[in-house]
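I have placed the structure first, in the form of structure tokens, so that the comments after it can refer back to it.
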RNA sequence: UGACCGAUGGUGUAACUGGCAACACGUUUGAUUUUGGUUCAAAAGAGUCCUGGUUCGAGUCCAGGUCGGUCAGCCA
């Protein structure tokens with residue numbers, strides 16, 4: 062596919078190829094995916110994962126998985142395992158699996174080195190005082206009264222911080238840069254803080270922990286990362302990233318920033334996702350309505366579709382809002398080719414074929430997947446009574462409707478053409494049964510009836526029907542752009558109250574009772590569905606991944 | 001009256017680095033079809049944020065503006 066097809070380079074590939082030309086990294090490409098283990102991965106992370114691992118593959122390089130675990134108060138082992146599974150599920154294998162905490166000793170040494178160089182100092186101010194003296198983007202900050210302590214005093218204090226002599230919040234280590242810098246991140250940023258909390262990997266060894274800005278670039282340096290790819294909000298951190306590495310005189314990777322993914326009708330921030338989960342708006346991190354990888358997986362999205370999506374959206378620096386219809390296109394494309402077909406009826410009406418012999422059944426032959434005829438056929442039981450979709454019958458059809466109508470004819474897919482002769486209703490006027498006749502010579506594959514019908518509908522034979530729970534999902538929000546909330550409104554005001562519809566007694570073919578969690582299907586004419594982990598032999602449960610395109614529904 | 005970044009059809013990304021603005025999604029139309037699916041064919045839709053400059057020629061270079069985003073955690 063990518064063999065001799067010349068695809069233009071994205072801006073990161075252009076930078077890499079420029080580096081390769083000039084020999085800055087000796088032709089090496091080594092990236093890393095650096096999640097913080099404090100939440101689940103979402104499709105925005107998938108963009109970053111595909112980018113980082115994809116670059117490594119493309120340039121014959123390497124990509125590490127590195128947990129950015131510098132804050133023990135929010136991070137948990139549960140998340141590192143979930144992240145590992147998600148990355149693997151997406152289809153990537155990292156070269157090295159590392160943790161920022163692996164490097165705490167080295168990081169500490171470098172902090173002492175900075176102190177010895179007179180480039181860092183221990184500040185006794187409180188967090189509030191530091192905030193108050195940092196200034197604003199337009200007003201310079203004020204230097205700390207502790208800024209000019211001697212190297213010896215700083216070293217002593219920092220070592221005692223490490224030894225646990227001081228309370229949390231009483232002291233921090235700060236870089237000594239420039240309190241008047243127009244870049245807020247250069248105004249003596251905090252490098253280390255005291256946290257008397259056990260860490261999921263280092264236990265109680267440490268009671269001081271490095272800040273992101275201090276740790277990240279230095280970890281990149283240790284691992285020999287060439288291109289440290291991160292999102293746009295870190296752009297203003299880059300001068301600090303570079304400053305630390307230069308002061309220390311160590312190997313210098315290149316940080317490159319790209320625009321994070323935004324998807325229409327959903328939220329992507331960890332904070333909001335967490336709020337949806339904890340507020341009970343959804344049923345967990347793997348709720349199929351969420352853009353988390355675990356949610357998408359449960360919804361029936363495949364790794365290949367997500368990778369293809371990541372490829373199609375491209376990489377650039379401008380803010381973007383990708384239309385979900387592109388994601389839906391990617392999963393339909395995959396499932397159309399790969400999902401076996403079956404028939405299910407979500408909202409049934411019973412059809413009785415009055416001229417079909419009572420007690421008779423027969424097996425009709427159906428394609429497993431018309432996109433892959435080599436997969437062959439399956440046998441579907443047919444009989445005198447079948448269920449059809451309520452939508453596939455209309456008593457007073459509009460122009461252009463070509464399904465079943467009183468006196469009208471349709472084909473029951475893979476079986477016979479039927480004609481509706483009688484409509485039976487209950488006392489409320491609801492249609493409860495259709496009496497039809499069939500044309501024996503119209504059987505699929507052996508049709509000598511000469512009849513032509515416009516419509517073909519799906520069905521399930523009554524005597525072979527089983528029941529299932531089917532969960533229909535819709536977009537989680539009612540507005541496309543969640544970054545643009547009207548004045549006085551909260552983003553949660555736009556949660557779609559109809560994002561989940563549960564059908565308790567959908568009709569399926571009995572053969573589907575064998576379905577295993579994760580199996581994907583196309584329910585003919587309805588959409589793609591995936592067996593949910595909640596499924597059981599007694600009560601199969603299916604999630605609708607996405608509907609089929611429906612040009613008729615669009616016309617209505 | 002800060003610093004940094006960005007601006008190309010409805011959406012996203014391109015434009016071989018100064019040479020007829022292309023591709024994908026979406027939309028519309030037609031053909032095929034035993035899924036109103038798929039497939040195939042076609043169309044509409046931007047003259048590249050604005051103003052000026054350089055040039056035979058500017059989306060691309062220069063100057064000035066406008067609009068949008070990010071940054072004031074001992075979060076990442």
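In our numbering, the protein residues as written are 62 to 617. For each residue, glycine too, the CB sits at the ideal point set by N, CA and C.
Can you tell me whether DSSP reads residue i as helix, strand or coil?
i	result
residue 312	coil
residue 200	coil
residue 64	Because residue 64 carries a pLDDT of 32, less than 50, the predicted location of this residue cannot be relied on, and no value is offered for it.
residue 211	coil
residue 75	helix
residue 606	strand
residue 148	helix
residue 565	strand
residue 532	strand
residue 322	coil
residue 482	strand
residue 125	strand
residue 366	helix
residue 496	strand
residue 83	helix
residue 304	helix
Residue i: buried (16+ other C-beta within 10 angstroms of its C-beta) or exposed?
i	result
residue 138	exposed
residue 72	exposed
residue 20	Because the chain in this structure spans residues 62 to 617, residue 20 falls outside the shown range and cannot be described.
residue 346	buried
residue 377	exposed
residue 485	exposed
residue 614	exposed
residue 548	exposed
residue 93	buried
residue 583	buried
Just to confirm my understanding: we take residue i, look at its own chain, exclude 5 residues before and 5 after, and list those with CB closer than 6 Å. What are they?
i	result
residue 366	391, 392 and 395
residue 617	none
residue 258	133 and 134
residue 128	98, 141 and 160
residue 152	364
residue 194	202 and 203
residue 370	388 and 391
residue 293	318 and 320
residue 412	447, 449, 495 and 497
residue 80	86
Between residue i and residue j, which are expected to be in contact by the criterion C-beta below 8 Å, what is the C-beta distance as a whole number of angstroms?
i	j	result
residue 325	residue 541	4 Å
residue 471	residue 516	4 Å
residue 180	residue 224	About 22 Å separates the two Cβ atoms, so there is no contact after all.
residue 316	residue 291	6 Å
residue 89	residue 115	Between residue 115 and residue 89 the Cβ distance is about 16 Å, and since that is not below 8 Å, they are no contact.
residue 568	residue 409	5 Å
residue 589	residue 310	Contact flag wrong, Cβ pair sits at about 56 Å.
residue 285	residue 312	7 Å
residue 559	residue 535	6 Å
residue 502	residue 533	Going by Cβ atoms, the distance from residue 502 to residue 533 rounds to 38 Å, so no, they are not a contact pair.
residue 383	residue 322	6 Å
residue 518	residue 473	7 Å
residue 184	residue 220	Not a contact, Cβ separation roughly 16 Å.
Near residue i, which residues of its chain fall below 8 Å by C-beta distance, leaving aside the five closest residues on each side in sequence?
i	result
residue 62	For residue 62, the predicted model reports a pLDDT of 32, less than 50, meaning its position is unreliable and no value from the coordinates is stated.
residue 65	Here residue 65 scores only 35 on pLDDT, less than 50, and its place in the model should not be relied on; the value that follows carries that caveat. Correct list: empty, nothing qualifies.
residue 498	414, 415, 416, 479, 480 and 482
residue 423	442, 443 and 444
residue 426	438, 439, 440, 441, 475, 505 and 506
Got a sec? Which residues, its chain only, sit under 7 Å from residue i by beta carbon, not counting five neighbours each side?
i	result
residue 539	555 and 557
residue 330	none
residue 596	576, 578 and 602
residue 144	96, 98 and 102
residue 352	103, 104, 324, 327 and 329
residue 162	130, 260, 262 and 263
residue 305	275, 278 and 279
residue 566	528
message: Is it the case that the segment 570 to 581 contacts the segment 341 to 348, given that we only count it when at least three CB pairs across the two stretches are under 8 Å?
response: As far as the Cβ criterion goes, the segment 341 to 348 does not touch the segment 570 to 581, which means the pair count is below three.
- prompt: Any chance the segment 442 to 458 sits against the segment 473 to 492, with 3 or more Cβ pairs inside 8 Å?
  reply: The segment 442 to 458 vs the segment 473 to 492: in contact.
query: Quick one: any contact between the segment 412 to 425 and the segment 353 to 370, if contact means 3 or more CB pairs under 8 Å?
result: These segments do not touch.
query: Is the number of C-beta pairs between the segment 428 to 447 and the segment 399 to 410 that are closer than 8 Å three or more?
result: Under the three-pair Cβ rule at 8 Å, the segment 428 to 447 counts as touching the segment 399 to 410.
query: Is the number of C-beta pairs between the segment 515 to 531 and the segment 439 to 453 that are closer than 8 Å three or more?
result: Yes, since at least three Cβ pairs between the segment 515 to 531 and the segment 439 to 453 fall closer than 8 Å, the two stretches touch.
query: Are the segment 295 to 315 and the segment 240 to 248 touching, with three or more C-beta to C-beta distances below 8 Å?
result: Touching, per the Cβ criterion.
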